[in-house]
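Visitor: Quick one: the structure is below, and I'll ask about it shortly.
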Amino acid sequence: MFKLSLGKCLSAGALLALAPFAAQAKDACSPCTSTVKVLEYVPTQVQEKRCSYKTEQKVESYTAYKYETVSEVKTRQVTVYHKVTEQVVEPRTVTVKVPVWEERTELVKKTRIEHYTENVTKCVDKGHWETQTVAAGPSILDHLSSLKPSFGHLHSKIASDNGCSTGCDNPCAAPAPCPTVRTKCVKVWVPNLVQESHPVCKTRHVTECVPVTKKVCSYKCETKVEQVTVCKTKCVPETKTESYTVCKKVCVPYQATRTVCVKVPVEETVTVTKCIPTWVEKQVAVAPAVSACDAGCGSASGIKSFFAGLKGKLHSIGSSTACGCAAPTTSCGCK
């Protein structure tokens, strides 16, 4: 791939370098061409054999191992202890409580009732009743007149019967004055608080500690030795042989089969495209003739003029100075 890219780059560079010469020759100089060999890569289809790998499943046998439980009978020596009970007379030191009577003086709490006199102050109300005139509230007729208008006419009639004119009998007459405030007489208690002191007889409980002599039975501890029959248990060892069964795991081999994937080489013919390098002869434009250019550029031969023009073109890339007969010799590649 690298060789192919390099060849293409060289071919393209040579053609690009020689293209301006052809244009310049048409304008200023007579055309000069030269036959050169160019290396080109021609794509060609080729049959090739290629080795590839295909995955296949294969059944194979192998030796596997598994664990099996096997019973085994073993013997062992075992020491067994038997309990034996026997009676033994042993001396024991015991503590005995002996009763002892003695006189003791103790303080006993006694409660007695005591009478005493105490002055008690009381607040006594020595007031009296008085008759007072107070404003009376609305009467039943007033309440009725406020509830319904028909009761208002009844109230006016009763008022006229009492000597109070409402002005309805004689419209031109002035109404008689009526009392505006109603009063009533009530009895009111007028308090008079007086503090009085008088003696009161009371009782209270008094607790006293009185010494009392009494006989008390106490116990005194005494130590003595006694012969006591006790039962003792002791262990008697006995050795015997016993058989027991144990289970152990044993690794046992066996033949088993399994399916595995194996890669098998397979040869196949495929068609591939390859770029084959080929030398091709091409006509390319070279430097113009001597008569059309100045003496410095026209004195070179065909191949020398070709490489000199190529060098000049490479130097003139990126420069605004034109390459022709009037250009400096350094821009055209002339010596």
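According to mature numbering (1 follows the signal peptide of the UniProt record, and there is no 0), the residues represented by the sequence shown are -25 to -1, 1 to 310, in order. Here a beta-carbon is modelled for each residue, glycine too, at the ideal position from N, C-alpha and C.
1. State the start and end residues of the unbroken beta strand (DSSP E) segment that holds residue 186.
2. Between the Cα of residue 38 and the Cα atoms of 244, 251, 260 and 233, which residue gives the shortest distance?
3. How big is the Cα-Cα spacing for residue 57 and residue 222?
4. Just to confirm, is the Cβ distance from residue 253 to residue 21 under 7 Å?
5. With 16 as the cutoff for other CB atoms within 10 Å, does residue 260 come out buried or exposed?
6. Span of the beta strand (DSSP E) holding residue 46?
7. Can you give the Cα-Cα distance for residue 10 and residue 250, rounded to whole angstroms?
8. Per DSSP, which residues does residue 110 bridge with? Please list them.
9. Could you tell me whether the Cβ atoms of residue 69 and residue 201 are closer together than 7 Å?
10. Return yes when the Cβ of residue 209 is within less than 7 Å of the Cβ of residue 59, no when it is not.
11. Please identify the residue among 110, 178, 197 and 203 whose C-alpha is closest to the C-alpha of residue 160.
12. Pull up the distance between the alpha-carbon of residue 170 and that of residue 176, whole angstroms please.
13. Given 8 Å as the limit, is there contact between the stretch 235 to 250 and the stretch 86 to 99, that is, 3 or more CB pairs closer than that?
14. Could you tell me if residue 7 is buried or exposed, where buried requires 16 or more neighbouring beta carbons within 10 angstroms of its beta carbon?
15. Look at residue 106 and residue 158 and say whether their C-beta atoms are less than 7 Å apart.
16. Leaving out five residues on either side along the sequence, give the residues of the same chain with a beta carbon under 7 Å from the beta carbon of residue 226.
17. Given this structure, state the Cα-to-Cα distance separating residue 28 from residue 247, to the nearest angstrom.
18. When you compare the CB positions of residue 216 and residue 52, do they come within less than 7 Å of one another, or not?
19. Report the residue from 31, 12 and 102 whose alpha carbon sits nearest the alpha carbon of residue 165.
20. Relative to the C-alpha of residue 194, which candidate in 179, 55 and 75 has its C-alpha closest?
21. Looking only at its own chain, which residues have a Cβ that is under 8 Å from the Cβ of residue 78, when we skip the five neighbours before and after it?
22. Does DSSP put residue 118 in a helix, a strand or coil?
23. What's the C-alpha gap between residue 224 and residue 45?
24. Hey, out of 257, 94, 32 and 73, whose CA is closest to residue 197's CA?
25. Going by beta carbon distance, what residues of the same chain come within less than 8 Å of residue 47, once the five residues before and after it are set aside?
26. In chain order, what residues of the same chain have a beta carbon less than 8 Å from the beta carbon of residue 236, not counting five sequence neighbours either side?
27. Check each candidate in 258, 230, 203 and 55 and name the one with the smallest Cα separation from residue 67.
28. Could you give the C-beta distance for residue 172 and residue 96, rounded to a whole number, given that I count them as a contact under 8 Å?
Guide: By the coordinates alone:
1. Indexing the sequence shown from 1 puts residue 186 at position 211. Its beta strand (DSSP E) spans residues 168 to 260.
2. For the purposes of this step, residue 38 is taken as the residue at position 63 of the sequence shown. Nearest C-alpha to residue 38: 233.
3. Residue mapping note: residue 57 aligns to position 82 of the sequence shown, counting from 1. Residue mapping note: residue 222 aligns to position 247 of the sequence shown, counting from 1. Spanning the two alpha carbons is a distance of roughly 30 Å.
4. Along the sequence shown, one-based indexing puts residue 253 at 278. Along the sequence shown, one-based indexing puts residue 21 at 46. Result no, Cβ atoms of residue 253 and residue 21 do not sit closer than 7 Å.
5. Taking the first residue of the sequence shown as 1, we reach residue 260 at position 285. With 16 or more other Cβ atoms within 10 Å, it is buried.
6. Residue numbering aside, residue 46 sits at position 71 when the sequence shown is read from its first letter. Run containing residue 46: 8 to 100, per the beta strand (DSSP E) assignment.
7. If you number the sequence shown from 1, residue 10 lands on position 35. If you number the sequence shown from 1, residue 250 lands on position 275. Straight-line Cα distance between these residues: approximately 24 Å.
8. For the purposes of this step, residue 110 is taken as the residue at position 135 of the sequence shown. In the DSSP assignment, residue 110 forms a beta bridge with 158.
9. The residue given as residue 69 occupies position 94 in the sequence shown. The residue given as residue 201 occupies position 226 in the sequence shown. A contact, by the Cβ cut-off of 7 Å.
10. Walking along the sequence shown from the start, residue 59 turns up at place 84. Walking along the sequence shown from the start, residue 209 turns up at place 234. Against a cut-off of 7 Å, the Cβ pair of residue 209 and residue 59 comes out as a contact.
11. Sequence index remark: in the sequence shown, residue 160 carries index 185 (1-based). The option with the nearest alpha carbon to residue 160 is 110.
12. Along the sequence shown, one-based indexing puts residue 170 at 195. Along the sequence shown, one-based indexing puts residue 176 at 201. Each residue's Cα considered, the two are about 19 Å apart.
13. no
14. Locating residue 7 in the sequence shown gives position 32, where the first residue counts as 1. The residue in question, residue 7, is buried, as its Cβ has 16 or more Cβ neighbours within 10 Å.
15. Position 131 of the sequence shown holds residue 106. Position 183 of the sequence shown holds residue 158. Cβ distance not < 7 Å, so residue 106 and residue 158 don't count as in contact.
16. Translated into the one-based positions of the sequence shown, residue 226 becomes position 251. Answer for residue 226: 40 and 42, listed in chain order.
17. Position 53 of the sequence shown, counted from the start, is the residue given in the question as residue 28. Position 272 of the sequence shown, counted from the start, is the residue given in the question as residue 247. In a straight line, the C-alpha of residue 28 is about 19 Å away from that of residue 247.
18. Stepping through the sequence shown from its first residue, residue 216 is reached at position 241. Stepping through the sequence shown from its first residue, residue 52 is reached at position 77. With respect to residue 52, residue 216 sits close: the two C-beta atoms are nearer than 7 Å.
19. Within the sequence shown, numbered from 1, the residue matching residue 165 stands at position 190. Distance from the Cα of residue 165 is smallest, within the candidate group 31, 12 and 102, for 102.
20. Stepping through the sequence shown from its first residue, residue 194 is reached at position 219. Of 179, 55 and 75, the residue nearest in Cα terms is 75.
21. As a position in the sequence shown, residue 78 is number 103, starting the count at 1. Around residue 78: 188, 189, 190 and 191.
22. The residue labelled residue 118 in the question sits at position 143 within the sequence shown. Three-state DSSP puts residue 118 in a helix.
23. Reading the sequence shown from its first residue, position 249 is the one you call residue 224. Reading the sequence shown from its first residue, position 70 is the one you call residue 45. Near 6 Å, if we compare the C-alpha coordinates of residue 45 and residue 224.
24. As a working note, residue 197 is residue 222 in the sequence shown. 73 is the residue among 257, 94, 32 and 73 whose C-alpha sits nearest the C-alpha of residue 197.
25. Along the sequence shown, one-based indexing puts residue 47 at 72. Cβ within range, chain order: 220, 221, 222 and 223.
26. Numbered from 1 along the sequence shown, position 261 holds the residue referred to as residue 236. Closer than 8 Å at the Cβ level, and outside the excluded window around residue 236, lie 30, 31, 32 and 33.
27. Residue mapping note: residue 67 aligns to position 92 of the sequence shown, counting from 1. The option with the nearest alpha carbon to residue 67 is 203.
28. Locating residue 172 in the sequence shown gives position 197, counting from the first residue. Locating residue 96 in the sequence shown gives position 121, counting from the first residue. Contact check for residue 172 and residue 96: beta-carbon distance about 5 Å, within the 8 Å limit, so the pair qualifies.
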